[in-house]
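The listed protein sequences correspond, in order, to chains V and S. Number 6 in this note's numbering belongs to position 6 of the first sequence; there are no gaps in the numbering. Position in the second sequence (first residue = 1) + 227 = this note's numbering.
There are 2 protein chains.
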Amino acid sequence: MADNFAETKRSYRRGKIRDQNLERILGAAREEFVLKGFAGASIQAIADRAELPKANVHYYFKTKSNLYVAVLEEIIVLWNDYFDELRAEDDPAEVLDRFIRRKVQLSYSHPQSSKLFAMEIIQGAPHLKDYLRNDLRPWMRKKAAVIEAWVAAGKMAPVDPYHLIFLIWSSTQHYADFEAQVLTILNRAEYERSMIDRIADFLSRSILAGVGLEAPQPSALVEGMGK
Amino acid sequence: MADNFAETKRSYRRGKIRDQNLERILGAAREEFVLKGFAGASIQAIADRAELPKANVHYYFKTKSNLYVAVLEEIIVLWNDYFDELRAEDDPAEVLDRFIRRKVQLSYSHPQSSKLFAMEIIQGAPHLKDYLRNDLRPWMRKKAAVIEAWVAAGKMAPVDPYHLIFLIWSSTQHYADFEAQVLTILNRAEYERSMIDRIADFLSRSILAGVGLEAPQPSALVEGMGK
DNA sequence: CAAAAACCTGTCCACTTGGCCAGCTTTTTG
DNA sequence: CAAAAAGCTGGCCAAGTGGACAGGTTTTTG
Numbered sequence: 001m002a003d004n005f006a007e008t009k010r011s012y013r014r015g016k017i018r019d020q021n022l023e024r025i026l027g028a029a030r031e032e033f034v035l036k037g038f039a040g041a042s043i044q045a046i047a048d049r050a051e052l053p054k055a056n057v058h059y060y061f062k063t064k065s066n067l068y069v070a071v072l073e074e075i076i077v078l079w080n081d082y083f084d085e086l087r088a089e090d091d092p093a094e095v096l097d098r099f100i101r102r103k104v105q106l107s108y109s110h111p112q113s114s115k116l117f118a119m120e121i122i123q124g125a126p127h128l129k130d131y132l133r134n135d136l137r138p139w140m141r142k143k144a145a146v147i148e149a150w151v152a153a154g155k156m157a158p159v160d161p162y163h164l165i166f167l168i169w170s171s172t173q174h175y176a177d178f179e180a181q182v183l184t185i186l187n188r189a190e191y192e193r194s195m196i197d198r199i200a201d202f203l204s205r206s207i208l209a210g211v212g213l214e215a216p217q218p219s220a221l222v223e224g225m226g227k
Numbered sequence: 228m229a230d231n232f233a234e235t236k237r238s239y240r241r242g243k244i245r246d247q248n249l250e251r252i253l254g255a256a257r258e259e260f261v262l263k264g265f266a267g268a269s270i271q272a273i274a275d276r277a278e279l280p281k282a283n284v285h286y287y288f289k290t291k292s293n294l295y296v297a298v299l300e301e302i303i304v305l306w307n308d309y310f311d312e313l314r315a316e317d318d319p320a321e322v323l324d325r326f327i328r329r330k331v332q333l334s335y336s337h338p339q340s341s342k343l344f345a346m347e348i349i350q351g352a353p354h355l356k357d358y359l360r361n362d363l364r365p366w367m368r369k370k371a372a373v374i375e376a377w378v379a380a381g382k383m384a385p386v387d388p389y390h391l392i393f394l395i396w397s398s399t400q401h402y403a404d405f406e407a408q409v410l411t412i413l414n415r416a417e418y419e420r421s422m423i424d425r426i427a428d429f430l431s432r433s434i435l436a437g438v439g440l441e442a443p444q445p446s447a448l449v450e451g452m453g454k
């Protein structure tokens, strides 16, 4: 394999075409599925958006369902990457703060993924039942145990760890999923970095205060917080 | 009109048939649209669920879009019913507490409506742009003004009123919209009253604490709250 | 450089869909 | 009670769909 190919050209390697096309198709599919839903998104439209002939899409994905599942799997990988780190020996305030900020950041950087995931869950998670049961539930159990340990150690107010995580999830994802509503109400065309920072600060401060903690150094200084 | 009809039978009056069928169709449509999305829900399936011939559905709603919009309008009416009351002279803790509980209650009693509304917004609110801009935005402005007045009067910690309302919306609706995820993680088949009460207590306490308030009498007593 | 593997795509098709229509039955009205 | 209004529906159709496929080109390989 790694024979005489000058890696200089760097754009030629095994499966290069495949990888490139897969990426285009998956990206286009994500977009179309979010906009129109599973049934409403046509392979033709996905192909058009990817600037490929329809039959070429079918070359990579035998069926529409296969393509849809592939998109969902991408999302789950993305989720898992950002998910972990939450340990009993850490400081609750710091860890929760980082977790909240990371989720807000993720909503900002990958809104389509968040939206598609949300739509799938809303519709009853027909393709994600197994993921929820076999992956997410155990993950939750572990995280809940950590939070319970914190509570037991008196490091934070007693709260139901599950509902605390639901609160973090819902409040952070809201800005991605309900983007259209939020932006219309705030009379903006799109999110800006500064707004995202304010949101992260607000959510971190509010949620931590809600469980009797004080947020670490706010990333953007917001004077007049009184108290 | 109000002629000699004995109101006793009470099931016979002008438009009785119409009202009854409309109700059946709208209910069936709500269900199907949530399950399959706009494009995925077929008139045939809606008709089957309503136990009516397909052509009969078309008799009441010329097009699929008309039906869809009618369902959304029902939801908006429902929303508005529960929406109001939030006045500057009231006690913030009491009002916010009631508002949060009402939203949780609404998620519990009308999950389909919440889900459909969410899907519509996620997809960019193509049918609700006007509602968001012309109704919801002014409503928000008024509520934000009230909260700002509370802050100015020192009745609560200084927070951005818009994000506070987003926080309440997102955290409460989450239990309706993400029902499949929540129930799977909590290993339950469906919500029960007691769970709903706990959720309302948790959210009310957490969010109020987040803005420097203490929740009024908790509906279900939960001792050991320490502090 | 030739064989094999990977990749590509125009064309076709069976099937579902929303919607229309023409004529039917039931209910209301005066 | 008869005419009009309201309600009902089987059958039809054009448009769009996902997918199969056969025969093509390009790339890789030894």
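All C-beta atoms, glycine included, are put in the ideal place defined by N, C-alpha and C. This one's a predicted model, so the numbers in the text were calculated from it and none came from an experiment.
Give the single residue among the options whose Cα lies nearest to the Cα of residue i.
{"i": "valine 386 of chain S", "options": "V/Leu203, V/Ala176, V/Leu116, V/Leu136", "result": "V/Leu203"}
{"i": "valine 330 of chain S", "options": "S/Ser340, S/Asp308, S/Gln400", "result": "Residue identity check: residue 330 of chain S is lysine in the sequence provided, not valine. Residue S/Gln400 is the option with its Cα nearest to lysine 330 of chain S."}
{"i": "asparagine 414 of chain S", "options": "V/Ile121, V/Arg141, V/Ala41, V/Glu120", "result": "V/Arg141"}
{"i": "isoleucine 434 of chain S", "options": "S/His390, S/Arg420, S/Glu375", "result": "S/His390"}
{"i": "tyrosine 60 of chain V", "options": "V/Ile17, V/Ala93, V/Phe38, V/Ile75", "result": "V/Ile17"}
{"i": "glutamate 214 of chain V", "options": "V/Leu26, V/Arg98, V/Trp79", "result": "V/Arg98"}
{"i": "leucine 132 of chain V", "options": "S/Asn361, S/Ala407, S/Tyr358", "result": "S/Ala407"}
{"i": "glutamate 316 of chain S", "options": "S/Phe405, S/Glu375, S/Phe393", "result": "S/Glu375"}
{"i": "asparagine 134 of chain V", "options": "S/Asp424, S/Asp357, S/Ile412, S/Phe393", "result": "S/Ile412"}
{"i": "tryptophan 150 of chain V", "options": "V/Gln105, V/Pro92, V/Trp169, V/Ala47", "result": "V/Pro92"}
{"i": "aspartate 125 of chain V", "options": "S/Asp424, S/Ile423, S/Trp306, S/Leu410", "result": "Per the sequence shown, the amino acid found at residue 125 of chain V is alanine instead of aspartate. The shortest C-alpha separation from alanine 125 of chain V is found at S/Leu410."}
{"i": "glutamate 347 of chain S", "options": "S/Arg425, S/Ala266, S/Tyr418, S/Ile426", "result": "S/Ala266"}
{"i": "glutamate 250 of chain S", "options": "S/Ala268, S/Ala282, S/Leu262, S/Glu301", "result": "S/Glu301"}
{"i": "isoleucine 196 of chain V", "options": "V/Lys54, V/Gly154, V/Ser109", "result": "V/Ser109"}
Helix or strand or just coil, what does DSSP make of residue i?
{"i": "glutamine 471 of chain S", "result": "Absent from the model: residue 471 of chain S. The displayed extent of chain S is 228 to 454, so no value can be given."}
{"i": "asparagine 248 of chain S", "result": "helix"}
{"i": "valine 159 of chain V", "result": "coil"}
{"i": "lysine 62 of chain V", "result": "coil"}
{"i": "aspartate 90 of chain V", "result": "coil"}
{"i": "valine 211 of chain V", "result": "coil"}
{"i": "tyrosine 191 of chain V", "result": "coil"}
{"i": "aspartate 48 of chain V", "result": "helix"}
{"i": "aspartate 324 of chain S", "result": "helix"}
{"i": "glutamate 32 of chain V", "result": "helix"}
{"i": "glutamate 312 of chain S", "result": "coil"}
{"i": "alanine 200 of chain V", "result": "helix"}
{"i": "tyrosine 12 of chain V", "result": "Note on tyrosine 12 of chain V: pLDDT 37, under 50, position unreliable in the model; the coordinate value appears next. If DSSP states are grouped into helix, strand and coil, tyrosine 12 of chain V belongs with coil."}
{"i": "alanine 55 of chain V", "result": "helix"}
{"i": "serine 269 of chain S", "result": "coil"}
Which same chain residues, not among the five before or five after residue i, have their C-beta less than 7 Å away from its C-beta?
{"i": "glycine 210 of chain V", "result": "none"}
{"i": "valine 322 of chain S", "result": "Leu313"}
{"i": "serine 334 of chain S", "result": "Ser341, Thr399, Gln400, Tyr402, Ala403"}
{"i": "alanine 28 of chain V", "result": "Ile46, Arg49, Ala50"}
If we define contact as Cβ-Cβ less than 8 Å, is residue i a contact residue for chain S?
{"i": "threonine 184 of chain V", "result": "yes"}
{"i": "lysine 143 of chain V", "result": "no"}
{"i": "lysine 181 of chain V", "result": "It is glutamine, not lysine, that sits at residue 181 of chain V in the sequence shown. Output row for glutamine 181 of chain V: interface = yes."}
{"i": "leucine 26 of chain V", "result": "no"}
{"i": "alanine 118 of chain V", "result": "yes"}
{"i": "phenylalanine 38 of chain V", "result": "yes"}
{"i": "lysine 103 of chain V", "result": "no"}
{"i": "leucine 132 of chain V", "result": "yes"}
{"i": "histidine 174 of chain V", "result": "yes"}
{"i": "aspartate 160 of chain V", "result": "yes"}
{"i": "serine 107 of chain V", "result": "no"}
{"i": "valine 236 of chain V", "result": "The requested residue 236 of chain V is not part of the displayed model; chain V covers only 1 to 227."}
{"i": "phenylalanine 166 of chain V", "result": "yes"}
{"i": "lysine 64 of chain V", "result": "no"}
Could one say the Cβ of residue i lies closer than 8 Å to chain V's Cβ atoms, at least one of them?
{"i": "phenylalanine 429 of chain S", "result": "yes"}
{"i": "tyrosine 286 of chain S", "result": "no"}
{"i": "arginine 257 of chain S", "result": "no"}
{"i": "glutamine 350 of chain S", "result": "yes"}
{"i": "aspartate 404 of chain S", "result": "yes"}
{"i": "tyrosine 295 of chain S", "result": "no"}
{"i": "methionine 383 of chain S", "result": "no"}
{"i": "isoleucine 434 of chain S", "result": "yes"}
{"i": "valine 298 of chain S", "result": "no"}
{"i": "serine 398 of chain S", "result": "yes"}
{"i": "leucine 440 of chain S", "result": "no"}
{"i": "lysine 243 of chain S", "result": "no"}
Please return the same chain residues whose Cβ sits closer than 6 Å to the Cβ of residue i, not counting the five positions on each side in sequence.
{"i": "arginine 257 of chain S", "result": "Val298, Gln339"}
{"i": "alanine 372 of chain S", "result": "none"}
{"i": "alanine 455 of chain S", "result": "With chain S covering 228 to 454 only, the question about residue 455 of chain S has no answer from this structure."}
{"i": "arginine 432 of chain S", "result": "Ala442"}
Between which residues of its own chain and residue i is the CB-CB distance below 8 Å, once the five residues before and five after are set aside?
{"i": "valine 284 of chain S", "result": "Ile252, Ile270, Ile273, Ala274, Ala277, Leu294"}
4-residue-minimum alpha helix (DSSP H) runs that sit fully inside the segment 337-411 of chain S, ordered along the chain: 338-349, 364-379, 388-404
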